[in-house]
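If you read the sequence shown in this note's numbering, its first letter stands for residue 109, the second for the next number, and so on. Below is one structure, written out as C-alpha cells; the observations come after it.
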Amino acid sequence: MNDRERHEAGMTVRRQVLGDAHVDRAIAGTDQFTADFQDFITRYAWGEVWSRPGLDRRTRSCVTLAVLATLHHDEELAMHVRAALRNGLSPEEVAEVLLQVGVYAGVPAANRAFKVARETLRQEAG
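Here you go:
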C-alpha cells in the first residue's frame, strides 16, 4: 500500500474501533501543528498495526487496555475502554484485563485503571 491507501485503510479501522464521533472530533481539532501527527497515527497505528491479521480486534483491545493502564495513560485508557466495548468486550472482560495488570504491573496501576474504567463504563451505560 502507498501512504494514501494506508491512510484510507487506517481511517476506516479507526472509525470502526473508536467510533465516528470520536474521530470526527479529532479531525475537527486538527490544525497545522497537529496535522502530521494525525496523519501518522492514522497511517501507522490504524492503517498498519490495527489492520494486521495476526490478532483480532478483541485481543488488540485487551493488549491496548493493559499497556495504557500500566503506563497510566488515563485519557487514552478511557477512550480504549469505549473501543473495547465496541470490539465486543464485556465490562467483566475489561475488569479481567485490569486484574491481570494488577498482577504484572502492580496494584497502584490497576487501582488507577479501575477508577478510569468504572467511570467510563458508567458513562457508556447511560
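Glycine is no exception: its CB is placed at the ideal position from the N, C-alpha and C atoms. Just so we're clear, the structure is a prediction, and the values are computed from it rather than from any experiment.
Cβ atoms of residue j and residue i: under 8 Å apart, would you say?
| i | j | result |
| --- | --- | --- |
| A218 | V209 | yes |
| V242 | A191 | Because the chain here runs from 109 to 234, residue 242 falls outside it and cannot be looked at. |
| G118 | G155 | yes |
| H115 | R166 | no |
| L207 | A221 | no |
| E232 | L176 | no |
| V121 | S159 | yes |
| L178 | A203 | Going by the sequence as given, residue 178 is Thr instead of Leu. Their beta carbons are not under 8 Å apart, which means T178 does not touch A203 by this criterion. |
Would you call residue i buried or exposed, if buried means 16 or more other Cβ atoms sit within 10 Å of its Cβ?
| i | result |
| --- | --- |
| G137 | exposed |
| T172 | buried |
| S198 | exposed |
| V211 | exposed |
| A186 | buried |
| A129 | exposed |
| R112 | exposed |
| V189 | buried |
| R230 | exposed |
| R168 | buried |
Is there contact between the segment 142-149 and the segment 177-193, where contact requires at least three CB pairs shorter than 8 Å?
no
Length at least 4, wholly inside the segment 139-164: the alpha helix (DSSP H) runs in chain order
Counting whole runs of 4 or more residues, the segment 139-164 contains the alpha helix (DSSP H) stretches 143-148.
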